[in-house]
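Okay, so here's the structure we're looking at.
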Amino acid sequence: MFENVRRVVTVIDDNGVSRFESDGAPPVSRRLQNAGANIDEVWRFDAVPGDITAPGDPEEFSFLSPANGLLVRRVEVPPDATRFRDETGASRIPEPHEGMHQTATIDILQILEGELWCLLDSGEETCLRAGDVIVQRGTVHAWRNRSDQVTRYLAIMVTAPLPHPIEHHANP
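Reading the sequence shown from the start, the letters are residues 8 to 179 in my numbering.
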């Protein structure tokens with residue numbers, strides 16, 4: 008169901024020549040059992056501006072982005088029908104605010120494949136399809152895949168202070 012990610016990283020060697028440093032899967036990948044999603048940590052800066060010579064491989068998975076940095080993720084979200092189940096294992100409709108969360112980041116997401124609904128705590132929602140880009144600026148939101156196909160997207164998350172942090176929708 009989930010697709011392997013190939014990550015190619017370049018480097019400038021000691022002689023000033025550009026080289027390919029690595030070519031393969033990202034070193035940190037996490038399958039979220041409760042949400043059924045798959046997250047690959049593609050790259051990470053612990054501070055912005057980033058240090059071109061610093062390694063960008065995270066050592067372990069974290070939901071949080073670096074305190075003053077940037078995080079690049081590739082995410083796969085299965086259909087809601089497989090993500091949300093009742094105690095018998097039957098598919099169920101998620102609660103309106105289920106999965107609502109807020110991060111102290113500006114997130115730029117591009118849908119690579121499939122479609123994904125963005126729900127806001129105001130009750131507004133929109134459907135994003137392949138090629139669409141959303142800029143999420145610290146808003147309280149949740150994601151829904153109402154289709155019958157896996158959705159894949161790329162997310163770039165840049166740390167930013169929240170003007171109005173929330174506490175009532177703290178479950179990502």
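Heads up, the beta-carbon is just placed ideally off N, CA and C, and yes, glycines get one too.
Distances from the CA of leucine 161 to each of Leu126, Glu83, Asp87 were compared; the closest alpha carbon is that of Glu83.
Taking one beta carbon from each stretch, the segment 132 to 148 and the segment 102 to 119 have 3 or more pairs nearer than 8 Å; the two touch. A contact between stretches requires three or more CB pairs, one per stretch, nearer than 8 Å, and the segment 144 to 159 meets this requirement with the segment 103 to 111. Cβ neighbours of cysteine 134 within its own chain (closer than 7 Å, five residues either side excluded): Glu122, Trp124. Non-local beta-carbon contacts of valine 55 in its own chain, meaning distances under 8 Å to residues more than five positions away in sequence, involve Asn75, Gly76, Leu77, Val165, Thr166 in chain order. One thing to note: valine 79 has its Cβ within 9 Å of the Cβ of arginine 51. Using a Cβ distance threshold of 9 Å, valine 18 and glutamate 28 count as a contacting pair. Counting other Cβ atoms within 10 Å of its Cβ, valine 49 reaches 16 or more and is therefore classed as buried.
Around the Cβ of proline 172, a 10 Å sphere holds fewer than 16 other Cβ atoms; the residue is exposed. Here alanine 149 is buried, its C-beta having at least 16 other C-beta atoms within 10 Å. Annotated three-state conformation of threonine 166 is strand, per DSSP. When secondary structure is reduced to three states using DSSP, aspartate 47 falls in the strand class. Counted as a single uninterrupted DSSP element, the beta strand (DSSP E) harbouring threonine 133 occupies residues 132 to 136. In the DSSP secondary-structure assignment, glycine 23 is not bridged to any residue. DSSP, reduced to helix, strand and coil, places threonine 89 within a helical segment of the structure shown.
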